[in-house]
C-alpha cells in the first residue's frame, strides 16, 4: 500500500495524467502554466485554459480575512495567464464548504474575487456550490479561460543553454502577507511579450527551488543559479527565497543579446519592481540540483510551511 | 449571524453571483446548465463552459468503488453539455485529497474518468492537485469546455405556456447505483436537436421537484405536472421519483405540434429508453408548487439523502 505522500506531487501527476486521453497537440494538455488551444489559422489569438484550487488550512487559515482569500483565489489563476504572455477572460468558481459557514464569510470571499476580476477585466462565466461534511476543509476551485495573441505566446519548455535567467520582484516571505495581496504580473508580462519576448517563462508558485528545475526540465536543460544574486524580500534569507513559495513573480529566460537592452529599458517602465538576473540556462548535465519548495504530498518535514 | 443552511442553495448562489462582474451577454454567465460564449459570427459553433464538483460523503462514500466515482465525476459534466444540445471537449480536473490517500485509489479514480472521457471523445486539458487536512473530505472539481452548433443550442429559459413537458428514462432510485453508472444523454440530445429541436431543456440533477421549477422559473412560466404519468424506476414511489435526484435524464419541452411525431419516432430510434410526457408548461400563476429535491444547504431533514 503506497500513499500519495510517499510519491510526491510531480510523480503523482505523471502517474495520473497518463491514464487519461489527451489531445494530439501536446500544448493542449497538461505541462505548462495553461493549456493552449488553437481555434484555427484564422484566429489571431489562442485559447488558454487553467484550473487551480485553494484549500483551507493549506492555502489559507480559518481566520484569514475572507476578502483576501477571494483575491488570492482569482489572482493565482491570473498569474498563470501572465506566465504565458496572455490575459484572463472568463472564470468558473466552484465552492465546497460546510453548511454552517456564515453567509458573511462567503460574501466577503466573493467581494475579494470581484475585486480581482474587475482589476483584470475578467468576468464570471459560471459556478457550482456544494456542501462538505461539518469538520471538512473549505475548498475553492477556480477554472478559467484566457487568450494570448499568437505572437505573444511564451512556453516554459523553450529555454536553451546560454540564456540568462531573470526574475521579477523579490523572493521569500510570502507567509508574512504577500501570498494574500500580490499583484499578478499581467502588465509586466504583456510589456515583455511586446518588447523583449522571453524565450521561456513561468510564474513562481511553489518556490524557485521547485519551479526553476521544472522550467529547466521542460526545456531539456539544466540551470546554473547564482545564489548571491537572489533578490531577497527584506528580512528573508536565501533559503526562504528559494523555498517559501507563493511569490507569484515571473521567472523567464531571454536571448543573451536581449539582456543588456532589457535591463536598461525595464527600470524606465517599472521603476519600483526589481528585475534581476539570477543565473544561466546550461546543458542538462551541467545543471545543479535544487531541493525544497512546496510539495503538497511530501512528508511534512520537507515542506517549509508545515 | 446567518449560516448557508438557513438560506438554501439557490438563494446563496443569487447572493454571491451578484457580487461578481458578468459579461454583457447574459448567456455567457451563470443561469443555464452551461455558459454560452459566441466566438463571433464566422464560427459555426458556440463555446460552452461548465464546472461541477464531487465531494466525499455528499456525492460518494469512502467505500464507493473509485473507478465508479471517476466515471460519475466526468459523466455529470457531460450531462450538462447534453442539456444544451452540445458536446463535451476539454476537461480540467482539480483534485483535493488527504496526503495519506492510497495511490491505488487515485489511479482507479482516474481510470474511471478516462473511461468516460473516451466514451464521449473528450480529452484532458489540465489539472491541479492539492492536499487537504487529514480528516477532510476529498473534493473533485471538474471544469470543461464543449461546443454546440448554433442551430442546435437549447436553453432552459425558452419554455412557453402550452408546451408539453417530457422526460427521458425513469426517475428515482439513484442511490441504488444509477448515480454511479448512468450514461449521459448525449446521443439522445443530439438526435433531438437534429430532428425535434426542444423548445427548452435541462438535465435532471437535483430531482424533478427541484429542477422542473427551475426550468419554469427561468422561462417566466409555471408547470402543471401529471403525477400519474411519472416514469418510475421499478420499485420507486412517485415521491422518490420527484426528490431522489441524480437521475441525469433530459427534461425538455417541445412545440405542441411536435409531440405526436416525436412520440412516434422516438421508440424507433431509442427502443430501450422511455420518453414520457409528464405535464404541460402553463402561465406562472397557474403553475403548481413543488417542494423537495436536493439542496446542499438545506437543513438535513429536508434532504432525501441525508
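Protein chains in written order, with this note's numbering: chain A, 3 to 308; chain Z, 3 to 308.
Using N, Cα and C, we set each Cβ at its ideal position, and we do this for glycine too.
In this structure, how does DSSP classify residue i when only helix, strand and coil are distinguished?
i                      : result
residue 15 of chain A  : helix
residue 80 of chain Z  : helix
residue 91 of chain Z  : strand
residue 149 of chain Z : strand
residue 285 of chain Z : coil
residue 70 of chain A  : helix
residue 27 of chain A  : coil
residue 135 of chain A : coil
residue 189 of chain A : helix
residue 274 of chain A : coil
residue 303 of chain Z : For residue 303 of chain Z, the predicted model reports a pLDDT of 42, less than 50, meaning its position is unreliable; a value from the coordinates is still stated below. If DSSP states are grouped into helix, strand and coil, residue 303 of chain Z belongs with the helices.
residue 213 of chain A : helix
residue 245 of chain Z : helix
residue 124 of chain A : coil
residue 279 of chain Z : strand
residue 58 of chain A  : strand
residue 115 of chain A : helix
residue 253 of chain A : strand
By the criterion of Cβ-Cβ separation under 8 angstroms, what are the contact partners of residue i in chain A?
i                     : result
residue 54 of chain Z : 96 and 130
residue 80 of chain Z : Those within 8 angstroms of residue 80 of chain Z in chain A number zero; the least Cβ separation is about 14 angstroms.
residue 14 of chain Z : 105, 108 and 131
Taking C-alpha atoms, which residue in the options lies nearest to residue i?
i                      : options                       : result
residue 278 of chain Z : Z:292, Z:255 and Z:287        : Z:255
residue 191 of chain Z : Z:53, Z:92, Z:252 and Z:108   : Z:252
residue 12 of chain Z  : Z:25, Z:26, Z:23 and Z:32     : Z:32
residue 179 of chain Z : Z:218, Z:246 and Z:15         : Z:246
residue 60 of chain Z  : Z:24, Z:183, Z:103 and Z:177  : Z:177
residue 72 of chain A  : A:184, A:100, A:40 and A:295  : A:184
residue 65 of chain Z  : Z:215, Z:111 and Z:144        : Z:111
residue 291 of chain A : A:4, A:267, A:244 and A:270   : A:244
residue 91 of chain Z  : Z:97, Z:83 and Z:98           : Z:83
residue 55 of chain A  : Z:44, Z:132 and Z:50          : Z:132
residue 188 of chain Z : Z:201, Z:223, Z:209 and Z:149 : Z:149
residue 289 of chain Z : Z:216, Z:141, Z:248 and Z:139 : Z:216
residue 274 of chain A : A:70, A:171, A:248 and A:234  : A:171
residue 114 of chain A : A:297, A:76 and A:89          : A:76
Whose C-beta lies closer than 6 angstroms to the C-beta of residue i among residues of the same chain, with five residues either side of it excluded?
i                      : result
residue 20 of chain A  : none
residue 195 of chain A : 87 and 154
residue 121 of chain A : none
residue 159 of chain Z : 220 and 221
residue 126 of chain A : 93
residue 128 of chain Z : 94
residue 214 of chain A : 225
residue 235 of chain Z : 172, 174 and 175
residue 240 of chain A : 229 and 232
Along chain Z, which residues have their Cβ under 9 angstroms away from the Cβ of residue i?
i                      : result
residue 251 of chain A : Residues of chain Z passing the Cβ test: none, with the nearest at roughly 20 angstroms.
residue 295 of chain A : Neighbours of residue 295 of chain A on chain Z: none; closest Cβ ~15 angstroms, over 9 angstroms.
residue 109 of chain A : 17, 18 and 21
residue 147 of chain A : 39, 49, 51 and 147
Within its chain, find whatever has a CB closer than 7 angstroms to the CB of residue i; leave out the 5 residues flanking it on each side and keep chain order.
i                      : result
residue 242 of chain Z : 174 and 175
residue 281 of chain Z : 167, 225, 226, 227 and 228
residue 151 of chain Z : 46 and 47
residue 231 of chain A : 278, 279 and 280
residue 237 of chain A : 175
residue 101 of chain Z : 133
residue 193 of chain A : 271
residue 39 of chain A  : 30, 48, 49 and 51
Starting from residue i, find everything on chain Z with Cβ-Cβ shorter than 7 angstroms and list it in chain order.
i                      : result
residue 135 of chain A : 59 and 139
residue 3 of chain A   : 104
Which residues of chain A have a Cβ atom closer than 7 angstroms to the Cβ of residue i, listed in chain order?
i                      : result
residue 23 of chain Z  : 116, 119, 120, 125 and 126
residue 299 of chain Z : 101 and 133
residue 113 of chain Z : 21
Establish whether the CB of residue i and some CB of chain C are separated by less than 9 angstroms.
i                     : result
residue 44 of chain A : Among the chains of the structure shown, chain C does not appear; the protein chains present are A and Z.
Below 9 angstroms on C-beta distance, what does residue i contact in chain A?
i                      : result
residue 245 of chain Z : Result: empty, since nearest Cβ-Cβ is about 17 angstroms, beyond 9 angstroms.
CB-CB under 8 angstroms to residue i, same chain, minus the five flanking residues each way: which ones, in chain order?
i                      : result
residue 198 of chain A : 256, 260, 263, 264 and 267
> Going along the chain, which residues of the region 191-209 of chain Z sit with their C-beta nearer than 7 angstroms to a C-beta in chain A?
Replying inline: Going along the region 191-209 of chain Z in chain order, one finds no residue with a Cβ nearer than 7 angstroms to chain A.
> Of all the residues that make up the region 272-294 of chain Z, which are near chain A by a beta-carbon distance shorter than 9 angstroms?
Replying inline: With the criterion set as a beta carbon lying under 9 angstroms from some beta carbon of chain A, the region 272-294 of chain Z has no members that meet it.
>> Using a Cβ-Cβ cutoff of 8 angstroms, what residues of the region 27-42 of chain A are near chain Z? List them in chain order.
In response: For the region 27-42 of chain A, which is checked against every Cβ of chain Z, the residues closer than 8 angstroms are 30, 31, 32, 36, 37, 39 and 41.
>> Output needed in chain order: residues of the region 219-245 of chain Z with a Cβ under 9 angstroms from some Cβ in chain A.
In response: Flagged: no residues at all.
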